[in-house]
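**Student:**
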Amino acid sequence: MKLSRAAAFSSSLLLSAVLALTGAGAAQAASSSAVDYVALGDSYSSGVGAGNYDSASGDCKRTPRAYPALWAAANSPSSFAFTACSGARTTDVTANQLGPLSAATDLVSLTAGGNDAGFADVMTTCVLQSEATCVARVNEAKRYVDTTLPGRLDTLYRAIRAKAPSARVVVLGYPRFYKLDGSCIAGLTENERRAINSGSDHLNAATAKRAADHGYTFAGVTGAFTGHEICSGASWLHSVNWLNIGESYHPTATGQSSGYLPVFRATA
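The numbering of the sequence shown is our numbering, which starts it at 15 and goes up by one.
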């Protein structure tokens with residue numbers, strides 16, 4: 015059966031449209047797969063708290079459940095270097111993690127600054143000592159964020175740009191730890207929880223400012239974790255874990271996949 019001239023013309027247009035869309039989709043997929051991605055940072059990037067740690071990563075505790083590895087698994091970049099390490103300060107990232115960066119690097123992700131500000135010590139102080147001591151320790155951390163951390167972030171951000179001049183750099187923040195007036199009936203006081211949340215906000219604001227000044231993208235995760243803080247009844251964060259203290263106050267596997275990953279995916 016022969017098609018009418020009009021039908022043939024319509025079929026030709028449809029075929030052309032399909033080919034054009036297919037070509038565009040293929041080009042987009044090729045562009046995505048051509049990305050050279052390097053994941054830097056501290057325990058929030060290595061995936062502490064998510065479990066299933068790669069034994070080869072040792073004390074760095076990197077895991078395929080961390081948002082960088084999840085993003086790489088879903089997007090198949092042409093190369094993926096995962097150097098984030100538990101406990102890393104900004105100086106550790108600069109000294110030990112930048113090796114894979116190069117002029118070919120297209121994408122970099124990073125969490126850094128929490129260890130510099132002493133957040134692990136803040137949480138230990140708040141859990142073990144008085145409310146007044148807890149609030150004083152949070153305020154001490156805030157002063158560090160105001161006075162010393164900006165210079166350390168500047169040094170790290172400049173080092174990243176020097177080694178990867180064309181890369182898109184995404185700096186991710188930290189969640190608020192507590193839902194206030196939530197489901198917790200024991201543990202810290204509301205004033206302590208409020209102070210800790212304020213410390214996290216303070217760190218995020220300082221980090222966002224330094225990232226913007228270097229032309230980097232800051233990706234906050236506070237919104238993603240809202241409703242999933244400790245004391246929410248549906249937490250994506252570990253509270254104090256006396257059996258594995260290192261996982262305390264870190265995202266769970268769900269916190270990585272449903273909190274950090276969507277935020278990074280939206281900016282990467």
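Backbone N, C-alpha and C fix where the C-beta goes; we use that ideal spot for every residue, glycine too.
The structure presented is a predicted model; accordingly, all values stated were derived computationally and were not measured.
Are the segment 194–212 and the segment 64–74 in contact at 8 Å, needing three or more beta carbon pairs?
**Tutor:** no
**Student:** Which term fits residue 151, buried or exposed, when burial requires 16 or more other beta carbons within 10 angstroms of its beta carbon?
**Tutor:** Flag for residue 151 reads buried.
**Student:** Could you tell me the distance, in whole angstroms, from the CA atom of residue 73 to the CA atom of residue 164?
**Tutor:** 27 Å
**Student:** Between residue 121 and residue 160, what straight-line distance do the alpha-carbon atoms span, to the nearest angstrom?
**Tutor:** 28 Å
**Student:** Near residue 139, what residues of its chain come up, given a Cβ to Cβ distance below 7 Å and the 5 sequence neighbours on each side ignored?
**Tutor:** 147, 148, 151
**Student:** For residue 93, I'd like the list of residues in its chain whose CB is within less than 6 Å of its CB, leaving aside the five on either flank, ordered along the chain.
**Tutor:** 50
**Student:** So, for residue 79: in the same chain, excluding its five sequence neighbours on each side, which residues have a beta-carbon less than 6 Å away from its beta-carbon?
**Tutor:** Cβ contact annotation for residue 79 (same chain, cutoff 6 Å, sequence separation greater than five): 61, 64, 66, 267, 270, in chain order.
**Student:** Taking the beta strand (DSSP E) that residue 51 falls in, what are its first and last residues?
**Tutor:** 50–53
**Student:** Let me check understanding here. Comparing Cα to Cα, which of 205, 158, 250, 170 lies closest to residue 115?
**Tutor:** 170
**Student:** Taking 7 Å as the limit between beta carbons, can you name the residues of its chain near residue 272, skipping five residues before and five after?
**Tutor:** 250
**Student:** Can you check which of these residues, 55, 231, 281, is closest to residue 130 by C-alpha distance?
**Tutor:** 55
**Student:** Locate the alpha helix (DSSP H) running through residue 122, then write down its first and last residues.
**Tutor:** Residue 122 -> not in any alpha helix (DSSP H); beta strand (DSSP E) instead, spanning 121–124.
**Student:** Rounded C-beta distance between residue 232 and residue 185? I'm assuming under 8 Å.
**Tutor:** So it is a contact: roughly 5 Å between Cβ atoms.
**Student:** Which partner residues of residue 210 appear in the DSSP bridge assignment?
**Tutor:** Answer is none; residue 210 lacks a bridge partner.
**Student:** In the structure shown, what three-state DSSP assignment does residue 188 receive?
**Tutor:** The three-state secondary structure of residue 188, taken from DSSP, is coil.
**Student:** What three-state label does DSSP hand residue 114 in the structure shown?
**Tutor:** coil
**Student:** Between which residues of its own chain and residue 225 is the CB-CB distance below 6 Å, once the five residues before and five after are set aside?
**Tutor:** 185, 232
**Student:** Would you kindly report the start and end of the unbroken alpha helix (DSSP H) that includes residue 69?
**Tutor:** Per DSSP, residue 69 belongs to no alpha helix (DSSP H) and is neither H nor E.
**Student:** Shortest alpha-carbon distance to residue 107 belongs to which of 218, 205, 168?
**Tutor:** 168
**Student:** Using only the alpha-carbon positions, how far apart do residue 173 and residue 277 sit?
**Tutor:** 24 Å
**Student:** Among 91, 117, 144, 211, which has the Cα closest to the Cα of residue 155?
**Tutor:** Per the Cα distances, 211.
**Student:** Where does the unbroken alpha helix (DSSP H) through residue 139 begin, and where does it stop?
**Tutor:** Under the DSSP assignment, residue 139 falls in the alpha helix (DSSP H) whose first and last residues are 133–142.
**Student:** Only counting runs of 4 or more residues, tell me where the alpha helix (DSSP H) segments fall wholly within the segment 73–102, in order along the chain.
**Tutor:** Counting whole runs of 4 or more residues, the segment 73–102 contains the alpha helix (DSSP H) stretches 81–89.
**Student:** Once you ignore the five residues that flank residue 127 on each side, which residues in its own chain have a CB closer than 7 Å to its CB?
**Tutor:** Result list for residue 127: 104, 163, 167, 217, 221, in chain order.
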